[in-house]
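For the sequence shown, this note's numbering gives the first residue as 856, with consecutive numbering after it.
First the structure, in the form of structure tokens, and then the observations on it.
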Amino acid sequence: MPEGRIVKALSGFYYVADQENPDRIVQCRARGLFKKKGAKITPLVGDWVAYEAENDREGYVMGVGERTTELVRPSIANVELAILAFSAVQPAFSPLLLNKFLVHTENAGLDAIIALTKADLMDQTECAEIVRRYEQVGYKIVPTSIHDQRGIDQLRSELSGKLSVFAGQSGVGKSSLLNAMFSDISLQTGEVSQKLGRGRHTTRHVELIPLGDGGYVADTPGFSSLEFMNLSELDLAQSFRDFERYSDQCKFRGCLHLKEPGCAVQEAVESGEILLERYRHYQQFMEELREYLRRNKPW
Ligand SMILES: Nc1nc2c(ncn2[C@@H]2O[C@H](COP(=O)(O)OP(=O)(O)O)[C@@H](O)[C@H]2O)c(=O)[nH]1
Ligand SMILES: [Mg+2]
Ligand SMILES: [Zn+2]
């Protein structure tokens, strides 16, 4: 039975790109119910599936493969990499929002690369300082510009062969960046696309854009909800990569690095090995999470 990947889901149809010949898109309906460990599952964009073709263009999805990752909102399976697009200016660089996105990627089990967009508009010393800080935290961060082309080739090679999502606020330059990296893509940019965006409540279908090298990017804003759903306090503590190296040495197992004595993370903050800003944001997210849990108690 042929296999392929769902690249679009719309009105009950799944559009499957054949694995051997990805230019061949077969419009499929789902046949029967798919179950994993007894629970019903719905095929998602990104899923690897087995399908039966009735003819060149139509067929049935017959089975859904194991997923490596599963994002909710947008629902996409098997995403490997998140490109977090944050502009240097317009809108101003927001470390708080970036750190929040990083909590989400860590929790979803995604690798993340930060694209510092519109780097041409930023003071270069400041740009280098942001790069230094996020490298210290443990992330790859690439300053990009569609005007002087910096970072474009590097980012393109990072995306090669992978299924990626582009996440970031509207206006940071996601579409421009994709257009600059891939000459076959022509997404609308600037004010036009913002008008068409019509705010976050418009339901949009998820569609994967083929990159021509086996890779795909999801054409979606990504992580539309930044509330800490389904996250425990310990999950949050473990989403800070820069804490990991120290947390083993905390006196208490399950230490949340807040007021516990003998906490190696707090010590590393005091000695400057962990950035104070990251720790402050961690404290803030913990408060938000606790507030969220209070509001959403099941009793
Ligand atoms: N100076 C500068 N402006 C950019 C750059 N990338 C995008 N822009 C501008 O930022 C605005 C928003 O870009 P767009 O790609 O639509 O952002 P999106 O909403 O994230 O997809 C447009 O007016 C672009 O021309 C860049 O690298 N440098
Ligand atoms: Mg856009
Ligand atoms: Zn601790």
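Each residue gets a CB set at the ideal place from its N, CA and C atoms; glycine is no exception.
Note that the coordinates shown come from a computational prediction; the quantities given were computed from them, not determined experimentally.
Item, Value
"Taking the CB atoms as reference points, tell me whether residue 1068 and residue 1016 lie closer together than 8 Å.", "yes"
"When every heavy atom of ligand 3 is checked, does at least one fall within less than 7 Å of the C-beta of residue 982?", "no"
"Nearest-angstrom Cα distance between residue 923 and residue 902?", "10 Å"
"Are residue 876 and residue 1136 close, meaning C-beta to C-beta below 8 Å?", "no"
"Might you give, ordered along the chain, the residues of its own chain that have their beta carbon closer than 6 Å to the beta carbon of residue 1031, omitting 5 neighbours on each side?", "1001 and 1044"
"How many Å lie between residue 926 and residue 859 at the Cα?", "20 Å"
"Buried or exposed, going by whether 16 or more other CB atoms sit within 10 Å of the CB of residue 1060?", "exposed"
"If distances are taken between C-alpha atoms only, which option among 976, 1088 and 998 comes closest to residue 969?", "998"
"Per DSSP, which residues does residue 1065 bridge with? Please list them.", "1071"
"Classify residue 1139: buried if its beta carbon has 16 or more other beta carbons within 10 angstroms, exposed otherwise.", "exposed"
"Roughly how many angstroms separate the alpha carbons of residue 1072 and residue 879, rounded to a whole number?", "18 Å"
"Out of 912, 905, 967 and 906, state which residue places its alpha-carbon closest to the alpha-carbon of residue 934.", "967"
"Helix, strand or coil: how does DSSP classify residue 1140 here?", "helix"
"CA-CA distance, residue 1057 and residue 1020?", "Any reading at residue 1057 must be qualified, since the residue scores a pLDDT of 42, below 50, and its modelled position is unreliable; no value is offered."
"What does the alpha-carbon distance come out to for the pair residue 895 and residue 871?", "21 Å"
"Is the segment 1111–1127 touching the segment 980–991, taking contact as three or more C-beta pairs under 8 Å?", "no"
"Measuring CA to CA, which of 911, 1088, 939 and 961 is closest to residue 1141?", "1088"
"Express the C-alpha separation of residue 1108 and residue 987 in angstroms, rounding to a whole number.", "31 Å"
"Only counting the same chain, and skipping five residues up and downstream in sequence, which positions put a Cβ closer than 6 Å to that of residue 1011?", "1036"
"Is residue 1121 near ligand 3, going by C-beta to nearest heavy atom under 7 Å?", "yes"
"Is it buried or exposed for residue 1133, if we count other Cβ within 10 angstroms and need 16 for buried?", "buried"
"Select from 1018, 856 and 1144 the residue whose C-alpha is nearest the C-alpha of residue 959.", "1144"
"When every heavy atom of ligand 1 is checked, does at least one fall within less than 7 Å of the C-beta of residue 1001?", "yes"
"If you run the structure through DSSP and keep just helix, strand and coil, what is residue 929?", "coil"
"By how many angstroms is the C-alpha of residue 1009 removed from the C-alpha of residue 873?", "28 Å"
"Provide the residue(s) that pair with residue 942 in DSSP beta bridges, ordered along the chain.", "972"
"Give every residue of the same chain whose Cβ lies closer than 7 Å to the Cβ of residue 973, excluding the five residues on either side of it in the sequence, and list them in chain order.", "942, 943, 944, 945, 1000 and 1028"
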